[in-house]
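Peer 1: Number 400 in the UniProt record's numbering belongs to position 400 of the sequence shown; there are no gaps in the numbering.
Where a beta carbon is used, it is the ideal one built from N, C-alpha and C, also for glycine.
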Amino acid sequence: MTERFPARMHDVTDETRAIVDLVLEYSRQRLLAVDTPLDKPLPPAELRRLTGRTITDDGIGARKAVGVFEHILAPSCISTDDPRYLSFIPSAPSKAAAAFDVVVSASALYGGSWLEGAGAVHAENEVLRWLSDEFGLPASAGGAFVQGGTLGNLSALVAARETAREVARERGDAQPDRWRVVCSVEAHSSIASAARVMDVEVVAVPVGDDGVLRGDAVRAALDEHGRSVFAVVATAGSTNFGIVDDLASVAAVTQEAGVWLHVDGAYGLAAVLSPRSRHRFAGVEHADSVIVDPHKWLFAPFDACALIYREPRLGRQAHTQHAEYLDHLTETEDWSPSDYAVHLTRRPRGLPLWFSLATYGTDVYRDAITRSIELAERIADEIDRRPGFALVRRPQLGVVVFEREGWERADYGRWSSDLLERQHAFVTPSSHAGRTNARFAILNPRTTFEDLTGILDTMS
Ligand SMILES: *Cc1c(COP(=O)(O)O)cnc(C)c1O
């Protein structure tokens, strides 16, 4: 018997069947639950006390471990799919997408190479194709699903810099002392993070009161920094406000200057799908690279970012890893997602979105996004009307930012903690131009107008 022992974790036995049943039953209940609480974090010492030691020489057994998860760990994690989760950017995976994530995990799929994962990669590529068409990118565009927008932005910017280096080499130009990336001051923090990793400089261009980056401001930055600029990043839906940069005028400038245009649409670019907001993204068709996070407004579970290059060849040149044991993969023309980003091993994280799109069709996605935009407009009107409240900016997409007149930072903080403490809602304060504010990020199709007015009522 002892020889069989090491395979205890892998053989299909009564024990295995019991574990799988337990886990699938838990998953089934969570997926179909209609009354999942919002929940909230506990301090580390409290969690230590409640769970005790769970990792031991002999194991505590699946039943006990699932119990610890169900009764202690899960309730100490905020349910990001709660309709009154309105902080940061919420997550609202469709039931089909969330359920299919279980299948992805169960199927031992490797999504890094065509050789190993052709079927999965084919389906992911169909999703990327569909998105590319929506953005108006050429038929040759393509890329890969990566872990998140931060990694998508980094990967795109690395490809942009490698391309700029190559161009400089071909021209016989000297390489600049310092490479620079131009973006708006309201660009996402992950651009600065990518720049730190790449050891390049960020040129943060100021924007007007409306928060929109336009071509003339980009042109001024390019005039000042010349060939040291390897990319311009335009934001298609800023995280704090949901503001879309003027992509068309920015693209006109980058095209004229021959500079790579990256569009960071992690949160907002999904709204290209809605007839209500499609016009805001005019110009995205000129991007050299774009990202959009399905785990945000495309209703996929964590974590997935669709990274698409106009010329995938440039992504591949920048990112393919070479090693003796990999040559078998890399010396082919096969489409291997590993080649397009800063990653190698990957789960085919685009499959939950593929399954959900295949299941429901694309129209309901358009409707769900339109609904959030309409709800954001409606609650913005309500805030405008309510005495004591002031909108900071008119919403373009699903983010509504407002102030409670007379409140200081500490007031917002207390109010927000109290909302979570009472399990009413999860709304964290934000700030703009040094002033604290409150912010609704509306994306979950189950969020109602009454949910939002109910929260406003708590601020009186
Ligand atoms: C969320 C977001 C990111 C970062 O994406 P992650 O998936 O959190 O890494 C980048 N840019 C914008 C505009 C975002 O909203």
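Who are the near neighbours of I442 in its chain, counting only those whose CB is closer than 6 Å to its CB and skipping five residues on each side?
Peer 2: Taken in chain order, the residues that qualify are S372, L375, A376 and G398.
Peer 1: Using 8 Å as the Cβ pair cut-off and three pairs as the minimum, do the region 404 to 419 and the region 55 to 65 touch?
Peer 2: No, because fewer than three Cβ pairs between the region 404 to 419 and the region 55 to 65 fall closer than 8 Å, the two stretches do not touch.
Peer 1: Mark C305 as exposed unless 16 or more other C-beta atoms lie within 10 angstroms of its C-beta, in which case mark it buried.
Peer 2: Result: buried.
Peer 1: Have a look at the DSSP bridge pairing and note the partners of T436.
Peer 2: According to DSSP, T436 bridges with S431.
Peer 1: Looking at F281: is its Cβ nearer than 9 Å to the Cβ of V342?
Peer 2: Result no, Cβ atoms of F281 and V342 do not sit closer than 9 Å.
Peer 1: Tell me which residues pass a beta-carbon proximity test against ligand 1: closer than 5 Å to any heavy atom, given in chain order.
Peer 2: Having a Cβ closer than 5 Å to some heavy atom of ligand 1 are G148, G149, T150, H188, S190, T239, D264, A266, Y267 and D293.
Peer 1: Do you know whose CA, among G265, A231 and R276, lies nearest T254's CA?
Peer 2: Ranking G265, A231 and R276 by Cα distance to T254 puts A231 first.
Peer 1: Along the chain, which unbroken stretches of the beta strand (DSSP E) at least 3 residues long are found entirely within the region 257 to 319?
Peer 2: If we require 3 residues or more, the beta strand (DSSP E) runs fully inside the region 257 to 319 come out as 260 to 264, 289 to 292 and 305 to 309.
Peer 1: P294: which of N437, E256 and L351 sits nearest, CA to CA?
Peer 2: Among N437, E256 and L351, the Cα nearest to that of P294 belongs to L351.
Peer 1: Assuming I78 and D39 form a contact by the criterion Cβ under 8 Å, report the distance between their Cβ atoms to the nearest whole angstrom.
Peer 2: Sure, about 5 Å apart at Cβ, within 8 Å.
Peer 1: May I ask which residues mark the beginning and end of the alpha helix (DSSP H) holding E46?
Peer 2: Run containing E46: P44 to T51, per the alpha helix (DSSP H) assignment.
Peer 1: Report yes if the C-beta distance between W212 and D177 is below 9 Å; otherwise report no.
Peer 2: The amino acid occupying residue 212 in the given sequence is Val; Trp does not appear at that position. Contact: no.
Peer 1: Is it buried or exposed for L151, if we count other Cβ within 10 angstroms and need 16 for buried?
Peer 2: By the neighbour-count rule (16 or more Cβ atoms within 10 Å), L151 is buried.
Peer 1: Nearest by alpha-carbon distance to residue 462: which of G413, R227, L157 and V181 is it?
Peer 2: With the chain covering 1 to 460 only, the question about residue 462 has no answer from this structure.
Peer 1: Within its chain, find whatever has a CB closer than 6 Å to the CB of A251; leave out the 5 residues flanking it on each side and keep chain order.
Peer 2: Cβ neighbours of A251 beyond the five flanking positions: L261, G283 and H286.
Peer 1: Tell me whether L213 sits in a helix, a strand or coil according to DSSP, three-state version.
Peer 2: Correct three-state label for L213: coil.
Peer 1: Are the Cβ atoms of D264 and V229 separated by less than 9 Å?
Peer 2: No, Cβ-Cβ distance for D264 and V229 is not below 9 Å.
Peer 1: Could you check whether the region 311 to 323 touches the region 156 to 171, counting it as contact only if at least three pairs of C-beta atoms, one from each stretch, sit closer than 8 Å?
Peer 2: Because the criterion of three Cβ pairs below 8 Å is met, the region 311 to 323 and the region 156 to 171 touch.
Peer 1: Determine the DSSP secondary structure at T235, reduced to helix, strand or coil.
Peer 2: Strand at T235.
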